[in-house]
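Below is one structure, written out as structure tokens; the observations come after it.
Numbering (the working numbering), first residue to last: 1 to 145.
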């Protein structure tokens with residue numbers, strides 16, 4: 001006899017799958033019925049072949065997997081640096097109350113700023129390659145501090 005927890009898990013998974021299927025059916029049907037403008041949403045049946053084509057590398061373009069890998073790498077590097085730097089900053093602010101009082105207004109303003117406002121600055125300061133790491137660091141750092 002199955003436990004009540006197992007039955008609950010099956011029910012939850014079934015409902016999750018049902019929501020996914022209904023969402024995909026609506027996504028396909030509503031633009032085709034012109035209820036939603038297909039220019040804004042497209043269709044899953046048109047997106048899938050494009051995705052499969054993007055998996056193939058060409059001499060002009062790397063595979064989407066290569067781009068995904070570089071995004072994952074930038075995220076992991078930025079988050080790791082943010083954890084280390086954020087912990088060091090938090091410890092310094094905790095150990096030196098005067099430093100905390102001096103930096104507090106600047107940290108509050110920096111944390112309140114939309115992180116995307118830093119993109120042009122990081123691009124100019126760090127260049128095209130390292131600006132991604134800088135943004136990842138900035139986004140993660142203000143969450144960590």
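All C-beta atoms in this analysis are idealised placements derived from N, C-alpha and C, irrespective of residue type, glycine included.
* Span separating the alpha-carbon of residue 95 from that of residue 88 -> 10 angstroms
* Length of the line joining the Cα atoms of residue 43 and residue 116 -> 30 angstroms
* Asked: Out of curiosity, what's the CA-to-CA distance linking residue 37 and residue 128?
  -> 35 angstroms
* Asked: Within the chosen definition, does the stretch 65–82 reach the stretch 121–141 through at least 3 CB pairs nearer than 8 angstroms?
  -> yes
* Which residues mark the beginning and the end of the alpha helix (DSSP H) in which residue 106 is found? -> Counting along the chain, the alpha helix (DSSP H) containing residue 106 begins and ends at 97–112.
* Asked: What is the DSSP secondary structure of residue 36, reduced to helix, strand or coil?
  -> coil
* Asked: Which residue from 99, 109 and 130 puts its Cα closest to that of residue 120?
  -> 130
* According to the neighbour-count rule (16 or more other Cβ atoms, all chains shown, within 10 Å of its Cβ), is residue 82 buried or exposed? -> Only buried fits residue 82, as 16 or more other CB atoms lie within 10 angstroms of its CB.
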